[in-house]
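There are 2 protein chains.
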Amino acid sequence: MNAKKAVERQTGVALWRQIADLIRSSISNGDYDQTGMVPPEIVLAGQFGVNRHTVRSALAALADEGLVQAIQGRGTMVQRKERLSFPISRRTRFSQGLGGQARETVAKLLSQAVLPVAGDVAAGLRIAPGTDCIQLSLVSSADGRPVSCSTNFFPIGRFPHMAEHVEKLGSITKAFAAEGLPDYVRISTELVARHADAEELALLRLSPGAIVIEATAVNGDPDGVPVQFARTRFAADRVKLKIET
Amino acid sequence: MNAKKAVERQTGVALWRQIADLIRSSISNGDYDQTGMVPPEIVLAGQFGVNRHTVRSALAALADEGLVQAIQGRGTMVQRKERLSFPISRRTRFSQGLGGQARETVAKLLSQAVLPVAGDVAAGLRIAPGTDCIQLSLVSSADGRPVSCSTNFFPIGRFPHMAEHVEKLGSITKAFAAEGLPDYVRISTELVARHADAEELALLRLSPGAIVIEATAVNGDPDGVPVQFARTRFAADRVKLKIET
DNA sequence: CCGAAATGTCTAATAATGTAGACAACTATA
DNA sequence: TATAGTTGTCTACATTATTAGACATTTCGG
Chain A
122 MNAKKAVERQ
132 TGVALWRQIA
142 DLIRSSISNG
152 DYDQTGMVPP
162 EIVLAGQFGV
172 NRHTVRSALA
182 ALADEGLVQA
192 IQGRGTMVQR
202 KERLSFPISR
212 RTRFSQGLGG
222 QARETVAKLL
232 SQAVLPVAGD
242 VAAGLRIAPG
252 TDCIQLSLVS
262 SADGRPVSCS
272 TNFFPIGRFP
282 HMAEHVEKLG
292 SITKAFAAEG
302 LPDYVRISTE
312 LVARHADAEE
322 LALLRLSPGA
332 IVIEATAVNG
342 DPDGVPVQFA
352 RTRFAADRVK
362 LKIET
Chain B
122 MNAKKAVERQ
132 TGVALWRQIA
142 DLIRSSISNG
152 DYDQTGMVPP
162 EIVLAGQFGV
172 NRHTVRSALA
182 ALADEGLVQA
192 IQGRGTMVQR
202 KERLSFPISR
212 RTRFSQGLGG
222 QARETVAKLL
232 SQAVLPVAGD
242 VAAGLRIAPG
252 TDCIQLSLVS
262 SADGRPVSCS
272 TNFFPIGRFP
282 HMAEHVEKLG
292 SITKAFAAEG
302 LPDYVRISTE
312 LVARHADAEE
322 LALLRLSPGA
332 IVIEATAVNG
342 DPDGVPVQFA
352 RTRFAADRVK
362 LKIET
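Protein chains in written order, with this note's numbering: chain A, 122 to 366; chain B, 122 to 366.
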């Protein structure tokens with residue numbers, strides 16, 4: 122591989138941010154696993170062809186993310202490297218299936234509403250445009266770090282108490298179970314990657330320019346009747362999506 | 122929706138680039154479909170809370186991508202908006218299945234090599250580290266616009282003439298068929314989104330800060346024997362991945 | 001204990017971005 | 001043919017990012 126670590130100027134993206142992105146990807150790539158340390162600032166400055174201060178800005182940003190920690194006299198240590206691996210199987214469960222990857226995963230209910238839906242959402246749920254649905258907005262975190270935020274729609278007739286259940290149980294899967302639906306499957310899923318908007322930056326605690334993967338999913342009961350329309354945005358640098366057959 | 126179009130300062134991403142990203146997503150979101158025009162510069166400047174010149178920088182970048190075209194006295198027109206929808210089904214075929222979405226899709230062979238593989242690649246293909254494989258680098262385009270670049274590994278014993286076939290046929294699926302494998306299926310696929318590196322920027326003709334979706338896939342013959350290890354990077358703003366069951 | 005190697009902090013100069021305002025050039029419409 | 005609304009271009013200046021250098025502080029090994 123050994124791709125040249127090139128940064129470009131006058132592109133609207135500050136050098137320190139380009140460098141931070143490159144170092145971040147080197148970390149998650151395992152490039153520094155042997156020593157557990159990032160190369161010295163002066164070395165990085167040489168590799169990227171920039172001033173040491175510029176590298177320091179990049180490292181400061183990564184330290185801010187909790188990815189590295191600098192210690193005077195010693196060097197800069199890698200603190201964290203993994204992306205969480207999210208399985209996308211027929212048994213959907215976006216917020217579950219993390220296995221032993223995190224000690225604690227919770228979904229926090231941000232807002233709830235009952236409102237008429239149209240367009241995508243109505244089509245996905247196969248209901249008439251203008252029909253009322255329950256809308257829930259959530260942020261899901263693993264070990265205290267937000268990894269995704271989602272907007273979910275449920276048919277109101279079938280699941281009247283979704284909001285309360287989600288709030289109490291901290292999980293959509295568990296809330297479905299409480300509503301008498303122990304199992305559900307994926308009907309369709311579409312993925313798009315884009316820059317995070319202002320709301321997502323705030324919810325996921327990202328810095329501008331960060332990337333989100335937006336998954337638009339329709340889930341159904343075992344008979345294939347749609348029960349959930351979900352638009353989930355993952356913090357791209359914290360996850361890896363694993364498609365399972 | 123009507124999310125507030127907020128830009129942030131001192132984040133390492135120039136305002137004009139943040140604004141370009143927002144306008145780009147508005148375009149692909151269909152926000153300007155009624156008129157086919159981007160709002161006047163002075164209006165955008167108001168919305169984003171910046172100077173008109175800053176908006177002009179953003180529009181210039183989008184014009185450079187061929188997404189919009191400004192006409193003096195009239196306004197700025199939207200030129201292009203769609204994302205290509207890539208199906209990810211059990212029958213993989215990344216570069217196929219585009220249906221009627223593009224008139225012409227071709228894969229261009231950039232480089233070929235025979236080299237020993239290790240790590241990910243060897244594990245995915247279930248061969249001993251250090252075994253020789255054929256490595257092919259491709260760029261795939263639809264209607265002349267590059268949409269993905271990929272690095273592919275094939276067991277050399279089984280498919281000795283992959284390179285020639287790919288070069289001649291412009292498609293990996295067709296090359297497999299020519300090698301006597303008419304059908305193959307996905308064994309595993311992992312998705313990650315990140316900023317494009319310098320090589321990807323060049324190959325996909327992207328501007329710095331652009332996003333790629335990296336799909337790491339292992340494909341096998343109908344018996345489940347791995348035949349291909351592929352690392353495909355999609356230009357995120359040109360595609361949508363559709364996961365099929 | 002000394003010195004090499006690393007990060008931390010400061011000052012100053014230069015380059016890139018963003019703001020502000022004025023006016024020209026072009027388009028469409030009344 | 002005016003006129004309003006739009007993009008194109010220019011100048012000047014303010015703010016932010018990057019470079020450059022010097023030196024302090026901390027860690028570690030000989």
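Here a beta-carbon is modelled for each residue, glycine too, at the ideal position from N, C-alpha and C.
- In this structure the region 328 to 338 of chain B does not touch the region 274 to 292 of chain B; the number of beta carbon pairs closer than 8 Å is below three.
- Between R201(A) and the set Q193(A), V128(A), D304(A) and V159(A), the nearest pair of CA atoms involves V159(A).
- Of all alpha-carbon atoms in I140(A), Q190(A) and F274(A), the one lying nearest the alpha-carbon of H174(A) is that of I140(A).
- Residue burial is scored here from C-beta neighbours: V235(B) has fewer than 16 other C-beta atoms within 10 angstroms and is therefore classed as exposed.
- Note on geometry: alpha-carbon atoms of F274(B) and T156(B) lie some 47 Å from one another.
- Following the DSSP letters along the chain, one finds T252(B) in no alpha helix (DSSP H), marked with neither H nor E.
- Under the DSSP assignment, I332(B) falls outside any alpha helix (DSSP H), being part of the beta strand (DSSP E) whose first and last residues are I332 to G341.
- For T197(B) and V189(B), the gap between their C-alpha atoms comes out near 7 Å.
- By the CB criterion at 8 Å, C270(B) and L325(B) fall inside the cutoff.
- When beta bridges are read from the DSSP output, I209(A) appears opposite I364(A).
- For G330(A), the nearest beta carbon of chain B is closer than 8 Å to its own beta carbon.
- The count of Cβ pairs closer than 8 Å, one atom from the region 239 to 246 of chain B and one from the region 291 to 299 of chain B, stays below three, leaving the stretches out of contact.
- Non-local C-beta neighbours of I163(B) in its own chain, meaning closer than 7 Å and more than five positions away in sequence, comprise R173, ordered along the chain.
- Taking C-beta atoms as the reference points, F280(B) and E300(B) count as a pair closer than 8 Å.
- Where S149(A) is concerned, the enclosing alpha helix (DSSP H) starts and stops at L136 to N150.
- Burial is judged here by how many other beta carbons sit within 10 angstroms of a residue's own beta carbon; P329(A) has at least 16 and is buried.
- In the structure shown, the three-state DSSP call for Q193(A) is coil.
- Cβ proximity to chain B below 7 Å picks out T310, E311, L312, V313, A314, R315, H316, D318, A319 and E320 from the region 309 to 323 of chain A.
- Chain B has a Cβ within less than 8 Å of the Cβ of V134(A).
- Under DSSP, Q349(A) shares a beta bridge with N340(A).
- In this structure, DSSP gives L230(A) an extended state, which the three-state scheme calls strand.
- Closer than 8 Å to the CB of R138(A) there is at least one CB belonging to chain B.
- Closer than 9 Å at the C-beta level to chain B, one finds these residues of the region 354 to 366 of chain A: F355, A357, D358, V360, K361, L362, K363, I364, E365 and T366.
- Between V268(A) and S261(A) a beta carbon distance of about 6 Å is seen, short of the 8 Å cut, so the two are scored as contacting.
- At a cut-off of 8 Å between beta-carbon atoms, S269(B) makes no contact with chain A.
- Nearest neighbour of V313(A) by Cα position, chosen from A338(A), G187(A), V227(A) and D304(A), turns out to be A338(A).
- Around the beta-carbon of D154(A), fewer than 16 other beta-carbon atoms lie within 10 Å, marking it exposed.
- Collapsing the DSSP output to three states places V238(A) in coil.
- The DSSP assignment places 306 to 316 as complete runs of the beta strand (DSSP E) inside the region 280 to 340 of chain B, in order along the chain (cut-off: 3 residues).
- The beta-carbon of I209(A) is placed less than 8 Å from the nearest beta-carbon of chain B.
- At a Cβ-Cβ threshold of 8 Å, R315(B) and D358(A) count as neighbours.
- The alpha-carbon of V199(B) is positioned some 23 Å away from that of T132(A).
- If the five residues before and after L362(B) are omitted, its C-beta is found closer than 6 Å to the C-beta atoms of F207 and I209, all from its own chain and listed in chain order.
- The DSSP-derived three-state label of V176(B) is helix.
- For V346(A), the number of other beta carbons within 10 angstroms of its own is below 16, and it is reported as exposed.
- When secondary structure is reduced to three states using DSSP, A263(B) falls in the strand class.
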